[in-house]
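Enquirer: Supplied in structure tokens, the structure appears directly below.
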Amino acid sequence: MNKGISDILIVGGGPAGMAAAVAASVTSGSIVTVVDDNPLLGGQIWKASLGKIKSPEARRLIESISNGAVRIINNAQVFGSSRENSLLAETPGGAIEFEYKKLIIATGARERFLPFPGWTLPNVFGAGGLQALVKGGLSVENKRVVVAGTGALLLAVAEFLKAHGATVIAIVEQAPASKLNRFALSLWRSPAKLAQAAVLRSKLTGIRYLTNCWVTSAAGDDRLRSVTITRHGKDRKIECDLLACGFHLVPNTELAAVLGCRIDDGFVTVDEFQKTSRDNIYCAGEPSGIGGVAAALIEGKIAGLAATDRTSKARSFLRDREKIRRFGESLNITFALRDELKRIAGETTIVCRCENVEFGRLTEFDNFRDAKLQTRCGMGPCQGRICGAATEFLFGWKPGSVRPPIFPVKMENL
Amino acid sequence: MTFDVVIIGAGIVGAACAASLSSAGLRVVVIESTGIGSGTTSAGMGHIVVMDDSAAQFALTRYSQKLWDALEPDLPKLSEFEHCGTIWVAVDDEEMKEVRRKHGYYTERGIASEILDEQAIRAAEPNLREGLAGGLLVESDSVVYQLFATRFLIEKAKQHGAELKVGKRVVEINAQGVRLENGDFVTAKTVVNAAGFAAADLSPGLRIAKRKGHLVITERYPNFARHQLVELGYLKSAHGTETDSVAFNVQPRSTGQVLLGSSRQFGAVDSEIDYAILRRMTARAFEYMPKLRELSTTRVWTGNRPATPDNLPYIGRLPDHEHIYIAAGHEGLGITSSLGTGELIADAILGRESAIPLEPYSPSRSFNEH
Amino acid sequence: MITLTVNNTPVSVEDGSTVAAAVFAYGAVTFRRSIGGELRGPLCGMGVCFECRVTIDGVKLSRSCNVIAVKGMEVDMDE
Chain A
1 MNKGISDILI VGGGPAGMAA AVAASVTSGS IVTVVDDNPL LGGQIWKASL
51 GKIKSPEARR LIESISNGAV RIINNAQVFG SSRENSLLAE TPGGAIEFEY
101 KKLIIATGAR ERFLPFPGWT LPNVFGAGGL QALVKGGLSV ENKRVVVAGT
151 GALLLAVAEF LKAHGATVIA IVEQAPASKL NRFALSLWRS PAKLAQAAVL
201 RSKLTGIRYL TNCWVTSAAG DDRLRSVTIT RHGKDRKIEC DLLACGFHLV
251 PNTELAAVLG CRIDDGFVTV DEFQKTSRDN IYCAGEPSGI GGVAAALIEG
301 KIAGLAATDR TSKARSFLRD REKIRRFGES LNITFALRDE LKRIAGETTI
351 VCRCENVEFG RLTEFDNFRD AKLQTRCGMG PCQGRICGAA TEFLFGWKPG
401 SVRPPIFPVK MENL
Chain B
415 MTFDVVIIGA GIVGAACAAS LSSAGLRVVV IESTGIGSGT TSAGMGHIVV
465 MDDSAAQFAL TRYSQKLWDA LEPDLPKLSE FEHCGTIWVA VDDEEMKEVR
515 RKHGYYTERG IASEILDEQA IRAAEPNLRE GLAGGLLVES DSVVYQLFAT
565 RFLIEKAKQH GAELKVGKRV VEINAQGVRL ENGDFVTAKT VVNAAGFAAA
615 DLSPGLRIAK RKGHLVITER YPNFARHQLV ELGYLKSAHG TETDSVAFNV
665 QPRSTGQVLL GSSRQFGAVD SEIDYAILRR MTARAFEYMP KLRELSTTRV
715 WTGNRPATPD NLPYIGRLPD HEHIYIAAGH EGLGITSSLG TGELIADAIL
765 GRESAIPLEP YSPSRSFNEH
Chain C
785 MITLTVNNTP VSVEDGSTVA AAVFAYGAVT FRRSIGGELR GPLCGMGVCF
835 ECRVTIDGVK LSRSCNVIAV KGMEVDMDE
């Protein structure tokens, strides 16, 4: 095992991690290392498209940290910690141990999937999931796609897919129009966002945006052939090639949890300077509260400054962070998941994909741990990431305790 | 309401006692502080094995194994009971002598076993490394997913009228029965302390120490291993007085996952993963089965075995107490010995003749000078 | 463009493509079978759901959505 010692170790090379790296390394003289499990920086929202980062903002940040001041280690998946102030990561070449004086956790978020009959068919993807796969080279040229679920992400995904040659038949948004209208009205306070929204709107002409609407089932043979949506009590079948369906983001708090950081209501608890309950561990971006790119950037900056003892400079960004947080919260309220989504799974609908555990088998339990021990739900390689998020919404179960390794790892690397 | 028997602990030993006692017609209540099988039981390997380290250990494990075989048809499929057998692995000629001794020992006692030479062991287990001297195959050993078996035993007990209280902690055994943490009393004529490594908290003087172990489970690799594989040095580890030791121990689960043990540590301060000994354990395993290195592992966990000074459990009446029985201290043989323990406890309480002598497991050993 | 093999068939993909893209380019939408034998393909695109697992250069259970395709790689999907 190789060892690396950093003053500031940052796990996650998305917007939060990169912003933290820039803030920590500029004039601070610290040894800053960014560790990321993907082949390239950018995280999920700025994921590279065929090796190229498209977002100008992302490119600027990457340039700032690629000047040698920051050590960047890709393809390294952090899976645990064998002693204080060090992390273990698996790389294609073996395991590496990273020692640190301060740690910034910027592990981002993943999509929430809610089960419905047929959701395990090939060609049913997450919304962000399909976008990520296309960025990785999957062709959607001339494919008929339904984009479903909830959130502003659906609009971004629809635009993206359309730009890549797909025919987006409809955007199926579970939130009611009334909530969306209220939210749209509130945007008048933010001209920049209004402009963004208008541009997005124009790009999406020709695509039906159906609110109060959700997918109740997907059908097909060896792959998806059609989805059924429901709206105002009426069902409709739409033939399609691909379904891109996701319901919000779930924070990746596993690393923070396994290091003993306090987690409240599913998020890592942080103080005004993004410091967790552990003295030398900070957390920025989605794991401390879902807020998108804007929140990730500013929180990363605050964490990077605070971790290098420049809290007075960090303080100057607190107000902006508040504004961004408030916007994030109004997004969450607007797109809150409706109760009907708890009832779209049938008795035989798979909830735990890894272990093939059906919805009907889970209803007799009242907590995740018992369900896990009795049905193996959550015992597969995804370690409950997919089914845990679903069962939390479906049944109100608190996810179980996190154990290392937080990702499957080759035995020789333990 | 007075029960005939109150059993403390719904681990596999308590559950087996409950099943045996209620099948015999007694009114039984089981009191479990956390969850069925949530203690040592859930951390174990589920290996049902006949051990030859002493006459008493052999008797108990052999008796229990027969009971498991008899139970097999009733066990639900989820218990994943498999007669996969054990192969005791020998690395050199010295260990092959031990293989032959073991073979003789088992043969004398009616247990079929087959000596495997270097070619035969590789044919039986292609993923073992080349150059091993051979081993001993014991076909009659099995594996079980013990959590479901424990639930099954509890259900069986309930079918015979037993009651189960989960989430209640016993804090005191007294003349009338037990007192719970919340102040309640449960009255019973007889108390069975099956509280595992916590048994000594309730029955002071019982010499039971926690012995921490690590386990690793992999993703699904069907047929990677076909039998439970144990190194002959296993007993050195289990019986050793060293504070820390490891031994090669691999189990194929019916899911195709590979379960790897074993490590032993006395005096561990917590249940956290101890990477130093975990790595010793995996390193040891790689010596026997190099291909294990490549397998993807999804979980690592620890558990505490309840260990006694002479490696035999306490089964029987607590000295100087007419109505208190102990069923605890099974170290790494709790799953195997649970069924035998259940029957022996029932025999003792009901005054029935037991299938094997009870005396070697007497709790009075704990109070004698050693 | 780079060329690799998927189930012994040569497949060409753009530089920077993932192995998952190569599998799709090969024409498959099924990457693996669930433990119940159902057909499964990628879901999350980010290495979390494990539905995209294939064998890459002999290493089983590799998540293909997170691995960049390299010239000459051998990808197999017979899990």
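Chains as they are written, first to last, in the numbering used here: chain A, 1 to 414; chain B, 415 to 784; chain C, 785 to 863.
The beta carbon of each residue, even a glycine, is placed where N, CA and C say it ideally should be.
1. Could you spell out the range, first to last residue, of the beta strand (DSSP E) harbouring T711 of chain B?
2. From this set, B:T655, B:T632, B:Q642 and B:Q671, which residue's C-alpha is nearest F662 of chain B's C-alpha?
3. Under a three-way DSSP split, which group does V402 of chain A fall into?
4. Below 8 Å between beta carbons: does that hold for F346 of chain A and I290 of chain A?
5. Between A:P287, A:S55, A:K193 and A:I5, which has its C-alpha nearest V34 of chain A's C-alpha?
6. Classify H232 of chain A: buried if its beta carbon has 16 or more other beta carbons within 10 angstroms, exposed otherwise.
7. Could you say which of C:V807, C:T802 and C:C828 lies nearest to R112 of chain A if we only look at CA atoms?
8. Rounded to whole angstroms, what's the CA-CA distance from A589 of chain B to H737 of chain B? Just pull it up for me.
9. Just to check my reading of the structure: F267 of chain A and G149 of chain A have Cβ atoms closer than 8 Å, yes? What is that Cβ distance to the nearest angstrom?
10. Enumerated in chain order, which unbroken segments of the beta strand (DSSP E) with a length of 3 residues or greater are wholly contained in the stretch 625-691 of chain B?
11. Below 8 Å on the Cβ atoms is my guess for A741 of chain B versus I763 of chain B; work out the distance and round it to an integer in Å.
12. For the beta strand (DSSP E) containing D235 of chain A, list its first residue and its last residue.
13. Pairing CB atoms from the stretch 495-510 of chain B with CB atoms from the stretch 542-561 of chain B, are three or more of them under 8 Å?
14. Can you tell me the Cβ-Cβ gap for G400 of chain A and R369 of chain A, rounded? I've got them flagged as a contact below 8 Å.
15. Taking 8 Å as the threshold, find out whether the stretch 195-203 of chain A comes into contact with the stretch 147-163 of chain A through three or more Cβ pairs.
16. Measuring only the C-alpha atoms, how far is F393 of chain A from D271 of chain A?
17. Name the chain C residues that come within less than 8 Å of N74 of chain A, Cβ to Cβ?
18. The ligand MN and Y775 of chain B: does the residue's C-beta get closer than 7 Å to at least one heavy atom of that ligand?
19. So, T308 of chain A versus I8 of chain A, is the Cβ gap smaller than 8 Å?
20. Among the candidates B:G518, B:R523, B:A623 and B:A571, whose CA atom is the shortest distance from the CA of L550 of chain B?
21. Mind checking the stretch 837-856 of chain C against chain B and listing, in chain order, the residues whose C-beta falls within less than 8 Å of any C-beta there?
22. Label L185 of chain A either buried or exposed according to how many other C-beta atoms from any shown protein chain fall within 10 Å of its C-beta, with 16 as the threshold for buried.
23. Mind pulling the chain A residues with CB within less than 8 Å of S456 of chain B?
24. Under 8 Å, do V660 of chain B and S651 of chain B count as touching if we go by C-beta distance?
25. Using C-beta distances below 7 Å, list every residue in its chain close to E804 of chain B, excluding the 5 sequence neighbours before and after it, in chain order.
26. Which residues in chain A have a C-beta closer than 9 Å to the C-beta of L788 of chain C? List them in chain order.
27. Report yes if the C-beta distance between A697 of chain B and V664 of chain B is below 8 Å; otherwise report no.
28. Using beta carbons (cut-off 8 Å, strictly below), is E633 of chain B in contact with chain C?
29. Less than 8 Å between the C-beta atoms of V859 of chain C and V803 of chain C, yes or no?
30. Kindly give me the distance between the Cβ atoms of V444 of chain B and A576 of chain B, rounded to whole angstroms, as I take these residues to be in contact under 8 Å.
31. From I104 of chain A to W188 of chain A, what distance separates their C-alpha atoms?
32. Should G137 of chain A be labelled buried (16 or more other beta-carbon atoms within 10 Å of its own) or exposed?
33. Let me make sure I understand the geometry here. Which of C:E798, C:L788 and C:N791 has the alpha-carbon closest to that of L50 of chain A?
34. By the DSSP assignment, the beta strand (DSSP E) with I729 of chain B in it spans what residues?
35. Should S452 of chain B be flagged as near chain C, meaning a C-beta pair shorter than 8 Å?
36. Tell me which residue opens and which closes the beta strand (DSSP E) that D860 of chain C is part of.
Expert: According to the structure shown:
1. That run of the beta strand (DSSP E) goes S710 to A721.
2. The shortest Cα separation from F662 of chain B among B:T655, B:T632, B:Q642 and B:Q671 belongs to B:Q642.
3. In this structure, V402 of chain A counts as coil in the three-state DSSP scheme.
4. The sequence given here has Gly at residue 346 of chain A, not Phe. No; because the gap between Cβ atoms is not below 8 Å, this pair is not in contact.
5. Of all alpha-carbon atoms in A:P287, A:S55, A:K193 and A:I5, the one lying nearest the alpha-carbon of V34 of chain A is that of A:I5.
6. Counting every other CB atom within 10 Å of its CB across the protein chains shown gives H232 of chain A a total below 16, marking it as exposed.
7. The shortest C-alpha separation from R112 of chain A is found at C:C828.
8. Looking at the two C-alpha atoms, the distance is approximately 8 Å.
9. F267 of chain A to G149 of chain A, Cβ: 21 Å. No contact.
10. Runs of the beta strand (DSSP E) inside the stretch 625-691 of chain B: 642-645, 658-666 and 671-680.
11. Rounded to the nearest angstrom, the Cβ distance from A741 of chain B to I763 of chain B is 11 Å, too far for a contact under 8 Å.
12. Where D235 of chain A is concerned, the enclosing beta strand (DSSP E) starts and stops at K234 to E239.
13. Taking a cut-off of 8 Å for Cβ pairs, the stretch 495-510 of chain B and the stretch 542-561 of chain B touch, as three or more such pairs fall below it.
14. Correct: roughly 5 Å between the Cβ atoms.
15. Short answer: they touch.
16. So the alpha carbons of these two residues sit roughly 27 Å apart.
17. Result: empty, since nearest Cβ-Cβ is about 10 Å, beyond 8 Å.
18. The ligand MN is not among the ligands present in this structure, which contains no ligands whatsoever.
19. Contact: yes.
20. Between L550 of chain B and the set B:G518, B:R523, B:A623 and B:A571, the nearest pair of CA atoms involves B:G518.
21. Against chain B - using a Cβ distance shorter than 8 Å - the residues of the stretch 837-856 of chain C are V843, K844 and L845.
22. L185 of chain A comes out exposed.
23. Going along chain A in sequence order, the residues near S456 of chain B (Cβ under 8 Å) are L373.
24. In contact: V660 of chain B and S651 of chain B (Cβ atoms closer than 8 Å).
25. Here chain B has residues from 415 to 784 only, and residue 804 of chain B is not among them.
26. Close partners of L788 of chain C in chain A (Cβ separation under 9 Å) are lacking, with about 12 Å as the shortest Cβ gap.
27. At the C-beta level, A697 of chain B and V664 of chain B stay beyond 8 Å of one another.
28. Yes, E633 of chain B counts as interfacial toward chain C.
29. With contacts defined by Cβ atoms closer than 8 Å, V859 of chain C and V803 of chain C form a contacting pair.
30. The pair is a contact, with the Cβ atoms about 6 Å apart (cut-off 8 Å).
31. One alpha carbon belongs to I104 of chain A, the other to W188 of chain A, and they sit about 35 Å apart.
32. So G137 of chain A ends up on the buried side.
33. Checking every option, the nearest Cα to that of L50 of chain A belongs to C:E798.
34. Unbroken beta strand (DSSP E) run through I729 of chain B: Y728 to R731.
35. It does not: the Cβ of S452 of chain B has no partner Cβ on chain C nearer than 8 Å.
36. For D860 of chain C, the enclosing beta strand (DSSP E) covers residues E858 to D860.
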